[in-house]
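Novice: Numbering (the UniProt record's numbering), first residue to last: 1 to 437.
We put the beta carbon where it would ideally sit given N, CA and C, even for glycine.
This one's a predicted model, so the numbers in the text were calculated from it and none came from an experiment.
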């Protein structure tokens with residue numbers, strides 16, 4: 001690490017290369033944080049939802065199965081990084097929602113607004129400063145997942161849509177500008193469990209349902225279904241038999257309900273997980289045919305039998321040489337895979353537990369942190385960080401660098417802090433180019 005810091009300080013490696021190398025090494029030592037970030041029993045029931053805002057990566061929402069939720073400040077009372085989180089606001093049970101909270105989202109462009117979804121059939125829009133609901137959408141059925149169109153393209157468009165997966169066999173689109181239900185996307189057989197907007201195209205949406213199907217939609221079209229994912233289509237030739245798989249009657253992405261859908265940041269790959277205990281990767285753009293199954297094997301440990309949205313997170317593409325996929329298995333482990341080939345890198349398990357406690361929500365902490373927060377069935381929120389972080393201060397001098405006095409401040413040791421090295425527009429913690437969408 002010291003040689004790497006020296007190379008960065010002397011300009012021998014680029015800032016991005018330095019940040020990528022440090023973050024890559026951090027994933028190898030990922031473990032439960034030695035000091036608790038959140039107090040024990042942060043909630044009195046299962047933590048179903050976690051959401052962190054991407055403006056400062058400072059404020060996090062946690063929603064509970066007893067309908068309560070909290071707003072936390074990750075920098076604590078002293079305003080320092082890696083301190084103990086403090087509660088800024090608490091909304092008690094049966095106050096905001098009648099039943100458990102299923103999903104939470106921040107407005108991507110500032111911290112003044114967020115959204116909650118619940119099994120009480122409602123999606124609510126909240127004013128963060130007042131901690132009051134500004135509007136409520138009553139959908140008439142249990143809501144399992146929501147996703148907000150937060151792409152750069154949608155930031156300057158006239159629409160801001162929330163996609164909703166619910167007990168109905170269609171996806172609902174809610175327009176928060178007009179406070180109305182804008183559109184429905186019918187096509188699933190049974191309930192829909194998960195939705196995810198394309199990260200680059202404001203009009204493309206992926207969904208997964210109880211029928212084992214995963215679909216890609218273009219909301220501009222009268223026939224909105226753009227493609228149905230077929231696990232038997234493994235190359236462009238086999239997929240080209242039916243251009244979109246729309247004419248087939250038995251197209252399935254999984255042999256069980258699909259309860260996780262994740263896009264990569266460019267929108268080239270789509271990751272899905274289902275109750276058949278499988279994770280599949282779909283190539284969306286390399287052929288003119290429908291997305292093809294890349295046949296990446298993630299092994300036998302991906303236990304997934306709960307009929308609710310599964311916590312599955314893909315690490316940011318720019319932060320490491322190879323992306324990592326974090327999968328919250330029913331066994332209680334958080335499995336860290338190399339996304340490229342499905343190689344298992346780590347199995348994360350909480351300390352001091354004879355039997356594993358299932359993880360029900362998972363979120364990434366922010367730019368180049370290699371830190372994750374997980375919500376558990378026992379009400380705890382657990383932080384996962386690199387076990388051996390780099391030293392905060394490193395001394396460079398002639399004896400340690402084999403440089404002459406003229407090379408290192410006339411023979412005097414030079415103190416270089418990590419904070420100074422990170423103070424660079426390429427990977428500054430608050431730089432807009434590295435905010436996650």
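Using a threshold of 8 Å, state whether the C-beta atoms of residue 258 and residue 328 are closer than that.
Specialist: For residue 258 and residue 328, no; Cβs fall outside 8 Å.
Novice: Between the C-alpha atoms of residue 396 and residue 6, what's the straight-line distance to the nearest angstrom?
Specialist: Because the pLDDT at residue 396 is just 41, under 50, the model does not fix this residue reliably, and the point stays unresolved.
Novice: In terms of alpha-carbon separation, which member of 11, 20 and 283 lies closest to residue 235?
Specialist: Nearest of 11, 20 and 283 to residue 235, Cα basis: 283.
Novice: If contacts are defined as beta-carbon pairs under 8 Å, then residue 192 and residue 165 qualify, I think. What distance do you get, rounded to the angstrom?
Specialist: That pair is a contact at about 4 Å.
Novice: Pairing CB atoms from the stretch 139-146 with CB atoms from the stretch 162-176, are three or more of them under 8 Å?
Specialist: Touching, per the Cβ criterion.
Novice: If residue 173 sits next to residue 182, beta carbons under 8 Å apart, how far is it from one beta carbon to the other, in whole angstroms?
Specialist: Their Cβ separation, rounded to whole angstroms, is 5 Å, which keeps residue 173 and residue 182 in contact under 8 Å.
Novice: Note down, one range per segment and in chain order, each beta strand (DSSP E) of at least 3 residues found wholly within the UniProt repeat "WD" (40-82).
Specialist: Runs found: 47-52, 59-64 and 69-73.
Novice: Residue 30: which of 360, 335, 361 and 379 sits nearest, CA to CA?
Specialist: Of 360, 335, 361 and 379, the residue nearest in Cα terms is 335.
Novice: Excluding sequence positions up to five away, which residues of its chain have a Cβ less than 7 Å from the Cβ of residue 190?
Specialist: Closer than 7 Å at the Cβ level, and outside the excluded window around residue 190, lie 169, 209, 210 and 211.
Novice: Alpha carbon to alpha carbon, how far is residue 362 from residue 177? Give it in angstroms, no decimals.
Specialist: So the two alpha carbons sit approximately 29 Å from each other.
Novice: Please go through the same chain and pick out, in chain order, the residues whose beta-carbon is closer than 8 Å to the beta-carbon of residue 130, but skip the five residues on each side of it.
Specialist: Counting only Cβ-Cβ distances below 8 Å, and skipping sequence neighbours, we find nothing.
Novice: Apply the 10 Å Cβ neighbour rule to residue 299 and answer buried if 16 or more other Cβ atoms are within range, or exposed otherwise.
Specialist: Its Cβ having fewer than 16 others within 10 Å, residue 299 is exposed.
Novice: Could you check if residue 135 is buried or exposed, using at least 16 other CB atoms within 10 Å of its CB as the buried criterion?
Specialist: Its Cβ having fewer than 16 others within 10 Å, residue 135 is exposed.
Novice: Give me, in chain order, the residues of the same chain whose beta-carbon lies closer than 7 Å to that of residue 349; leave out the 5 immediate sequence neighbours on both sides.
Specialist: Cβ neighbours of residue 349 beyond the five flanking positions: 332, 333 and 356.
Novice: By the three-class DSSP mapping on this structure, what secondary structure does residue 115 have?
Specialist: Here residue 115 sits in strand by DSSP.
Novice: According to the neighbour-count rule (16 or more other Cβ atoms, all chains shown, within 10 Å of its Cβ), is residue 127 buried or exposed?
Specialist: Burial call: exposed.
Novice: As a quick exercise: from 21, 359, 324 and 76, pick the residue whose alpha carbon is nearest that of residue 378.
Specialist: Residue 378 has its Cα closest to that of 359, out of 21, 359, 324 and 76.
Novice: Hey, residue 320 and residue 59: beta-carbon distance below 8 Å or not?
Specialist: Cβ distance not < 8 Å, so residue 320 and residue 59 don't count as in contact.
Novice: Pair every Cβ in the stretch 258-275 with every Cβ in the stretch 303-323, then say whether three or more of these pairs are closer than 8 Å.
Specialist: Taking 8 Å as the limit for Cβ pairs, the verdict is that the stretch 303-323 does touch the stretch 258-275.
Novice: Is it right to say residue 220 is buried, meaning 16 or more other beta carbons lie within 10 angstroms of its own, or is it exposed?
Specialist: Classification for residue 220: exposed.
Novice: Run through the stretch 208-288 for me and flag every whole alpha helix (DSSP H) of 4 or more residues, listed as ranges in chain order.
Specialist: Counting whole runs of 4 or more residues, the stretch 208-288 contains the alpha helix (DSSP H) stretches 236-239.
Novice: For the beta strand (DSSP E) holding residue 132, just list the boundary residues, first then last.
Specialist: Unbroken beta strand (DSSP E) run through residue 132: 132-138.
Novice: Contact defined as beta carbons within less than 8 Å: I believe residue 254 pairs with residue 272. What is the distance between those atoms, to the nearest angstrom?
Specialist: Right, the Cβ-Cβ distance comes to about 7 Å (below 8 Å), so this counts as a contact.
Novice: Are the beta-carbon atoms of residue 383 and residue 33 separated by less than 8 Å?
Specialist: A contact, by the Cβ cut-off of 8 Å.
Novice: Kindly indicate which residue of 57, 67, 99 and 293 has the alpha-carbon position closest to the one of residue 369.
Specialist: Ranking 57, 67, 99 and 293 by Cα distance to residue 369 puts 57 first.
Novice: Pick out whichever of 250, 167 and 268 has its Cα sitting closest to the Cα of residue 206.
Specialist: Of the candidates 250, 167 and 268, the one whose C-alpha sits nearest the C-alpha of residue 206 is 268.
Novice: Just to confirm my understanding: we take residue 325, look at its own chain, exclude 5 residues before and 5 after, and list those with CB closer than 6 Å. What are they?
Specialist: For residue 325, where only same-chain residues beyond five positions count, the Cβ hits under 6 Å are 314, 337 and 339.
Novice: Short of 7 Å in beta carbon distance, which residues of its chain neighbour residue 276, apart from the five on each side in sequence? Order them along the chain.
Specialist: Taken in chain order, the residues that qualify are 254, 255 and 256.
Novice: Just to confirm, are residue 296 and residue 342 a CB contact at a threshold of 8 Å?
Specialist: Yes, these two residues count as a Cβ contact at 8 Å.
Novice: Given a threshold of 16 other Cβ atoms within 10 Å of its Cβ, counted over all protein chains shown, does residue 412 qualify as buried or as exposed?
Specialist: Because the pLDDT of residue 412 is 43, which lies under 50, any placement of that residue in the model is unreliable, and the number read from its coordinates should be weighed accordingly. The residue in question, residue 412, is exposed, as its Cβ has fewer than 16 Cβ neighbours within 10 Å.
Novice: Does residue 300 come out as helix, strand or coil in the three-state DSSP assignment?
Specialist: If DSSP states are grouped into helix, strand and coil, residue 300 belongs with coil.
Novice: Is residue 386 helix, strand or coil by DSSP?
Specialist: DSSP places residue 386 in strand when its eight states are reduced to three.
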